[in-house]
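For reference, the structure discussed in these notes is given below.
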Amino acid sequence: MFDPALVKPAIVDSFRKLTPRTQFRNPVMFCVYVGSILTTILWLAALFGQAEAPAGFILAVTLWLWFTVLFANFAEALAEGRSKAQAASLRSAKKDVMAKKLNEPHPKAPIRIMTATDLRKGDVVLVETGDTIPADGEVIEGVASVDESAITGESAPVIRESGGDFSSVTGGTRVLSDWIVVRVTVNPGEAFLDRMIAMVEGAKRQKTPNEIALTILLVALSIVLLLATATLLPFSMFAVEAVKAGHVVTITALVALLVCLIPTTIGGLLSAIGVAGMSRMMQANVIATSGRAVEAAGDVDVLLLDKTGTITLGNRQASAFVPAPGVTEEALADAAQLASLSDETPEGRSVVVLAKQRFNIRQRDMAALHPVFIGFSAQTRMSGVDLADREIRKGASDAVKAYVEARGGRYPAEVNNVVTEVARRGSTPLVVAEKGEHGARVLGVIELKDVVKGGIKERFAELRKMGIKTVMVTGDNRLTAAAIAAEAGVDDFLAEATPEAKLATIRAHQSEGRMVAMTGDGTNDAPALAQADVAVAMNTGTQAAKEAGNMVDLDSNPTKLIEIVEIGKQMLMTRGSLTTFSIANDVAKYFAIIPAAFASTYPQLRVLDVMHLTTPASAILSAVIFNAIIIVMLIPLALKGVKYRAIGAASLLRRNLLVYGLGGIILPFPCIKLIDMVIAACGWA
């Protein structure tokens, strides 16, 4: 966090941010900025004999007021510096490359070599083995292995092909094998990498709604305290004249009082908290399009989560063979393995492995069997193998039933009951049948189990404590969906989900005043992503999904949605905690400055000097020094964030009031006293 490579530029930026235009963007710190200028003028006047107070005292107050402004600038610059460092690594992936532009979308078409910066939306380019993809686009022809490590940090290559949900490619990634034809979907400067760099650097960071509301509150509080402080000078003049005792309060003391009483701590750290929130999101390999998206993640109270890959491991595994009446389990396993030998899916491989484990079926003489393997298709919803003496098929129960009955066989009621029971348990039933010399018959059922991820139920319980409702979205039937939902511990589920059903579900929750988050990667997810308050698109997904979302997960991990919500919650918790502390720690400053400024006129005010500070000058200076130093002390907390805890809003409020409210009241007293003792020991009191 305090790496010299970050700190040195941040120190320089702290001075660059001293321009009035920059300071005016933060109203609370602008008050400190104006006060610093005013006391600087008073110090210069004191040097020329126009002293309202000792020149040394005015100079000390002035320096610490300027330090207060610089420390606030430093906090923001350090947060921005961390983001710029992240952006630098992204920028290294952005380089000028040559593109092979096609006059028509076909690899045999004439090729024109040109720079990537000359490409425009709609252009078609050929990318071959070893080439860098010149711009963001959609694969319209071909299939290739692509290295996306420059973007995602993941070394394993990914497959990109035309059609489907894996057709999107990002400029700056590299083709490792084969070739693809890409239609460019962005103009120069609009590429995903360009937007990532701008987002991470915070160049386009806008204040979020909560941040704006908090700023208005802080400004209102500052104006009230400014008006109250401004009235103290005529009041002091009148009081001194009336009682003929004491001396009129100095403008330097009033400026110090104002700066110490307005919420400078949160005012100085507010921007840094927002920038750091986006930075933490980037560290999780998630690009947020704006600070609004990060903040919205903290306000989410409904999560729509895909079952496959998020709640379950995604690869269904064969877990049991359930034979039909009159069939042995070994005969079923033997047929199921034969039908799965050419099936390279995780499900098919798991059937082969289970048959080996249960019955040691291995080392077949396939040449003697003359197999003709039948691949799975959406039309037949079955796969299998044709042998010299029989046909074996495995697939969906209704498809296998139709296959058996069409060949004169009978579909046993017992098998139908097993299928229903397997589905009720949340597993997927595959029915196996064969057609031999004596006709067609059902051999039994393979149970494929989609395993719920370890620890996911506990995470959902934590989210429930925070008042977040979890909804599982799946294409499974209601029986299967209900069983997995119960095992995973989600609050609700959407079975047989279609794009229209997802959209309707999101709108229904939003109509109840809820904030909804979801993930998606396909073009069919784009409408729902556009509707959701927090929409996380997978980097492996289509361009339409990325454009519809307000976040992009570079790891393409659906489970990341839970982490994103936690990061958003952490940012809001950090802002709330430091706001509470900032307002609370002003209390001690009353006990330091009020007696110092007015006790000469009103001796009774000395009872407020509970810290027994050495002199009025040291009391005021100690409060000003503490007011500046506390900003630096809280920078690590602002950038790192308070520790995330899965607790409800009421419990969080009580914790904030106890830890940061009570702590904010108590901590300044010993700190101001310690500073006063140091000042006295140095002979500056």
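No gaps in the numbering here: position 524 of the sequence shown is 534 in the working numbering, and each next residue is one more. All C-beta atoms in this analysis are idealised placements derived from N, C-alpha and C, irrespective of residue type, glycine included. These numbers come from a predicted model, not from an experiment.
Nearest C-alpha to T142 among R122, L112, V107, E171: V107. Scanning its chain for C-beta atoms nearer than 7 Å, with the 5 sequence neighbours on each side dropped, one finds around G449 the residues R417, G418, G419, in chain order.
Per DSSP, reduced to three states, the secondary structure at T390 is coil, with no helix or strand assignment.
In the DSSP assignment, K475 falls within the unbroken alpha helix (DSSP H) covering 466-475. Pairing E510 with N534, the inter-Cα distance amounts to about 9 Å.
Secondary structure of W74 (DSSP, three-state): helix. Burial is judged here by how many other beta carbons sit within 10 angstroms of a residue's own beta carbon; R517 has fewer than 16 and is exposed. If only uninterrupted alpha helix (DSSP H) runs of at least 4 residues are considered, those enclosed by the segment 31-92 are 37-57. One Cα belongs to L267, the other to G671, and the distance between them is close to 21 Å. A direct Cα-Cα distance of roughly 6 Å separates E506 from N487. Using a Cβ distance threshold of 8 Å, F591 and G673 count as a contacting pair. S46 and N637 have their alpha carbons spaced roughly 14 Å apart. Cβ-Cβ separation between D563 and V296: approximately 5 Å, consistent with a contact (criterion under 8 Å). If you draw a straight line from the Cα of A252 to the Cα of A263, it is about 21 Å long. Spatial neighbours of Y654 in its own chain (CB-CB distance under 6 Å, excluding positions within 5 residues in sequence) are listed in chain order as E576, Q580. In this structure, the CA atom of R400 is about 16 Å from the CA atom of A343.
Straight-line spacing of the CA atoms in E200 and A126 works out to 13 Å.
Non-local C-beta neighbours of A629 in its own chain, meaning closer than 6 Å and more than five positions away in sequence, comprise A602, A606, L623, ordered along the chain.
Under the three-state reduction of DSSP output, M548 falls in the strand class. Cβ neighbours of F67 within its own chain (closer than 6 Å, five residues either side excluded): A627.
Residue pairing of T480 in beta bridges, as defined by DSSP: L313.
With respect to the 8 Å criterion, D309 and G477 are not classified as neighbours on the basis of their beta carbons. In the structure shown, D353 falls within a coil segment according to DSSP collapsed to helix, strand and coil.
Around G147, the same chain offers V179, V192, R193, V194, T195 as residues with beta carbons nearer than 7 Å, after the five sequence neighbours per side are excluded. In summary, D408 is exposed, with fewer than 16 beta-carbon neighbours lying within 10 Å of its beta-carbon over all protein chains present. For a cut-off of 8 Å, the C-beta gap from V634 to L75 is around 7 Å, short enough to register as a contact. Inclusion of V481 and D460 in the CB contact set at 8 Å is not warranted, their separation being larger than that value. Around the beta carbon of C692, fewer than 16 other beta carbons sit within 10 angstroms, so the residue counts as exposed.
In the structure shown, the three-state DSSP call for G287 is helix. In its chain, beyond the 5 residues on either side, P167, T183, R184, L186 have a beta carbon closer than 7 Å to the beta carbon of D157.
The Cβ neighbour count for E457, taken over all protein chains shown within 10 Å, is at least 16; the residue is labelled buried. Counting C-beta pairs closer than 8 Å gives fewer than three between the segment 493-500 and the segment 676-688, which falls short of the contact rule.
Going by DSSP, A656 is part of no beta strand (DSSP E) at all; its letter is neither H nor E. Judged by beta-carbon spacing, P422 lies beyond the 8 Å limit of V429, meaning their Cβ atoms are not closer than that value. In the three-state reduction of the DSSP assignment, I402 falls in the strand class, which pools E and B. M292 sits in a helix when the DSSP states are folded into three classes.
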